[in-house]
Amino acid sequence: MATEVERAIEAIVMVAEDPIPPHLLAQILEVPPARVEELCQSLAESYVAEDRGFELVRVAGGYRFQSHSDLAGYVERFALEGQSNRLSAAALETLALVAYKQPISRAQVSEVRGVSVDGVMRTLQHRGYVAEVGRDPGPGQAVLYGTTARFLEKLGIDSLDVLPPLAQFVPGPEVMDALDAGLRHGGGQHSTEVTTTTDEGLSDESP
Amino acid sequence: MATEVERAIEAIVMVAEDPIPPHLLAQILEVPPARVEELCQSLAESYVAEDRGFELVRVAGGYRFQSHSDLAGYVERFALEGQSNRLSAAALETLALVAYKQPISRAQVSEVRGVSVDGVMRTLQHRGYVAEVGRDPGPGQAVLYGTTARFLEKLGIDSLDVLPPLAQFVPGPEVMDALDAGLRHGGGQHSTEVTTTTDEGLSDESP
Amino acid sequence: MPYEVTTAVFEGPFDLLLHLITRQQVDIYQVSLSSIVDAYVAEMQNLRTLDLEVATEFLLIAAVLLELKARRLLPGSDDVEDEEELALWEERDLLLARLFECKTFKDAAAALRRMMDAADRSFPRRTGLEERFLDVTPDLLAGITADRLRKACLSALTPRLLPHVDLDHVAPIRVSVADAVTELLDELPRAGTITFSRLTADLVERLEVIVRFLAVLELYKRGWVELSQSGNFGDLTVTWMGTEGEGAEPAAFSPIEEYQG
Chain A
-15 MATEVERAIE AIVMVAEDPI PPHLLAQILE VPPARVEELC QSLAESYVAE
35 DRGFELVRVA GGYRFQSHSD LAGYVERFAL EGQSNRLSAA ALETLALVAY
85 KQPISRAQVS EVRGVSVDGV MRTLQHRGYV AEVGRDPGPG QAVLYGTTAR
135 FLEKLGIDSL DVLPPLAQFV PGPEVMDALD AGLRHGGGQH STEVTTTTDE
185 GLSDESP
Chain B
-15 MATEVERAIE AIVMVAEDPI PPHLLAQILE VPPARVEELC QSLAESYVAE
35 DRGFELVRVA GGYRFQSHSD LAGYVERFAL EGQSNRLSAA ALETLALVAY
85 KQPISRAQVS EVRGVSVDGV MRTLQHRGYV AEVGRDPGPG QAVLYGTTAR
135 FLEKLGIDSL DVLPPLAQFV PGPEVMDALD AGLRHGGGQH STEVTTTTDE
185 GLSDESP
Chain C
1494 MPYEVTTAVF EGPFDLLLHL ITRQQVDIYQ VSLSSIVDAY VAEMQNLRTL
1544 DLEVATEFLL IAAVLLELKA RRLLPGSDDV EDEEELALWE ERDLLLARLF
1594 ECKTFKDAAA ALRRMMDAAD RSFPRRTGLE ERFLDVTPDL LAGITADRLR
1644 KACLSALTPR LLPHVDLDHV APIRVSVADA VTELLDELPR AGTITFSRLT
1694 ADLVERLEVI VRFLAVLELY KRGWVELSQS GNFGDLTVTW MGTEGEGAEP
1744 AAFSPIEEYQ G
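Residue numbers (this note's numbering), protein chains in the order written: chain A, -15 to 191; chain B, -15 to 191; chain C, 1494 to 1754.
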């Protein structure tokens, strides 16, 4: 039979509006946080074992109940606002920049994106995925942005540490080669000089 | 093992904000309402049999998950300790906008505030300060919010008429545009409908 | 190599450049600019709407590339190792670095998209406390007066700073009819008879031409010039008639308006 603490966890997570941090559960239930984690894990496993239509997951630093992903088709038929609108590619790339380089100013994002990102940043802020997290201490005191708990929830991850490492996305030598060829490759009399430089560039750049 | 329909019921009821009428579930799941009732009953019994900390109950004409009544002590502790006990400046601005500009949609509030207000509005709603008071008759049928009797009571005033006037403050054109954005459809007919709904909403809301 | 048009919408000029360079293996120093621009134009035609920002930034980059290419093609440039040449390489390296970074985050964004799509299939429960606990929750309105509410509403309605396009780097064109009259009073007595197109041949801005035309009309009104035209849309001929004495000072035109564009 379920213990009182297990049942209390189920009851509290059921009424929480946002993922509830284990330390808060620990405080309310007067048990060590590690014990809370253990119990949550075992509850989550019991729902899986019973083939329930919901699951208990750890996301954005806390536990929450959510509908099982394989029932998305049914839940989508039940009107839910704001779930379906996907982010544009521009917004997503900007979001990726903020996620990996936070805290970051708008100007710094623009620098990489090559275009003004004012509108896109407003959209992301509006959606609650990024927020102002401080000010650049330097001259100008630019507003610095970072991602929010809502962003973690949107990705379904527990913390930023779980983001795939950026190194994974650094283009391989063949892309470098293509870029090099496009930008550096000189015709005719420059070819010798350029080939040398290209090789150097490549060996430096290889991961 | 649980059937697909049972699992779908669990999924939908888990994410619903309000009790779901069986006929709505029947419609979404394409099974007869009587079958839905049967399945909900058997699900409810299974949670009792497993001694879960939550229960599936029929309330206000629909089904919902709620914390088990014998765990009320823990949930009360969560309500006291786990919830913020101060209204943030952002939340106060949102509440003030609803109070002065009601009926108003979430999109309109978030347009003026410049950030997503979904979380804040949900909290204000859960605390009983604001409630749905109708739907925008225009396309999209956005939910319109207004303040409740509880709000008046907590603020210590008798009616909205006693709120100090905003005075001769004239908002800039972009603010007016934002406010107009969701209300551009209706003239007189619109306001009549909303007034009626507001009164209903207010009296319904008293605890 | 035929250009492959993909339906994917390009989101930034660096992407576009990246795409064009990697797909076409464009050699900047041989065929680059014309083919890049051709491909770019073709791509723009495939997009439903023209993003002015994207287009402008692309032109800026194209201009940088053009300058790089032009300087590289100058005779004897390959044995020059002065600072200018070094700066040129630095510029190119910088561009390369930016393209590289852009590609990295493009791929990172694709990964985020996949994670979001997977996460979107689960819907969170946000139902909140049941109403029976309402009276247990702390009263968030404790200590909040109606007047504070009013102030909060005013603060919410106060417009925040709106982003604006900085046009300081664009030198405004300021021309006045009075200035144009002054110029005409200098030029016309010497020319005697002259066509309007010759009179405005050295003007670049349309606004300047318009203002000069207004100046001609001013002079005509005063009877100082005669105008004749060879049919509709024909060239206008301006003939200097003289000022008949005093009063040909530009100051006499002081109330004439100024134009800015």
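Ideal Cβ positions, reconstructed from N, Cα and C, are used throughout, including at glycine.
- At a cut-off of 8 angstroms between C-beta atoms, G45 of chain B does not count as an interface residue with respect to chain C.
- Counting only Cβ-Cβ distances below 8 angstroms, G112 of chain B has contacts in chain C at E1624, L1627, in chain order.
- Shown here, G140 of chain A sits in coil according to DSSP, grouped into three states, outside any helix or strand.
- Between M105 of chain A and R90 of chain A, the C-beta gap is smaller than 8 angstroms, which places the two residues in contact.
- Comparing C-alpha distances from A1671 of chain C to each of C:S1615, C:D1600, C:L1707 shows the shortest one belongs to C:L1707.
- Taken through DSSP and simplified to helix, strand or coil, E(-10) of chain B comes out as helix.
- Within its own chain, the residues whose Cβ lies closer than 8 angstroms to the Cβ of L79 of chain A, once the five positions on either side in sequence are excluded, are L71, L108, Y113, V114, T131, F135, listed in chain order.
- Going by C-alpha positions, L81 of chain B is about 9 angstroms away from R97 of chain B.
- At a cut-off of 8 angstroms between C-beta atoms, A1611 of chain C counts as an interface residue with respect to chain A.
- Under the three-state reduction of DSSP, Q86 of chain B is assigned to coil, being neither helix nor strand.
- Taking the beta carbon of E60 of chain B as reference, the chain C residues within 8 angstroms of it are F1626, V1629, listed in sequence order.
- The beta-bridge partner set that DSSP reports for V127 of chain A consists of A:R119.
- Sixteen is the threshold: when 16 or more other Cβ atoms of the shown chains lie within 10 Å of the Cβ of S1669 of chain C, as they do, the residue is buried.
- L1642 of chain C is positioned such that its CB atom lies closer than 8 angstroms to that of L147 of chain B.
- In terms of beta-carbon proximity, G1685 of chain C stays away from the interface with chain B, with every pair separated by 8 angstroms or more.
- The Cβ atoms of L23 of chain B and I4 of chain B lie no closer than 8 angstroms to each other.
- The alpha helix (DSSP H) runs of length 4 or more contained entirely in the segment 1660 to 1702 of chain C are, from start to end of the chain, 1670 to 1684, 1689 to 1692.
- Counting other Cβ atoms within 10 Å of its Cβ, Q50 of chain A reaches 16 or more and is therefore classed as buried.
- Measuring C-alpha to C-alpha distances from E95 of chain B to each of A:K85, A:I141, A:R111, A:P157 identifies A:R111 as the nearest.
- Between A1602 of chain C and L9 of chain A, the CB-CB gap reaches or exceeds 8 angstroms.
- Around the beta-carbon of L1710 of chain C, fewer than 16 other beta-carbon atoms lie within 10 Å, marking it exposed.
- Around the beta-carbon of A1649 of chain C, 16 or more other beta-carbon atoms lie within 10 Å, marking it buried.
- Cβ contact annotation for A28 of chain B (same chain, cutoff 6 angstroms, sequence separation greater than five): L40, in chain order.
- Residue contact with chain A for S51 of chain B: present (Cβ-Cβ distance below 8 angstroms to some residue of chain A).
- Beta-bridge analysis with DSSP links Y47 of chain B to B:I4, B:R42.
- In this structure, C:R1614 is the residue among C:V1718, C:R1614, C:C1595, C:G1621 with its C-alpha nearest to the C-alpha of V59 of chain A.
- DSSP lists C:T1688, C:S1721 as the beta-bridge partner residues of T1730 of chain C.
- Interface annotation for the segment 106 to 139 of chain A against chain C: R106, E137, K138, L139, criterion Cβ-Cβ distance under 9 angstroms.
- The Cβ atoms of P155 of chain A and F1598 of chain C do not sit closer than 8 angstroms to each other.
- Secondary-structure assignment with DSSP links V114 of chain A through a beta bridge to A:T131.
- For P1617 of chain C, DSSP records a beta bridge to A:Q50.
- A straight-line Cα-Cα distance of about 33 angstroms links G66 of chain B and S26 of chain B.
- Separation of R19 of chain A and S143 of chain B (C-alpha to C-alpha, rounded to the nearest whole angstrom) is 50 angstroms.
- The beta carbon of V1702 of chain C sits closer than 8 angstroms to those of T1693, L1696, all from its chain and outside the five residues before and after it, given in chain order.
- Taking 8 angstroms as the upper bound for CB-CB distance, F38 of chain B and Y31 of chain B are in contact here, some 7 angstroms apart.
- The beta-carbon separation of A(-5) of chain A and L55 of chain B, rounded to 4 angstroms, stays under the 8 angstroms limit for a contact.
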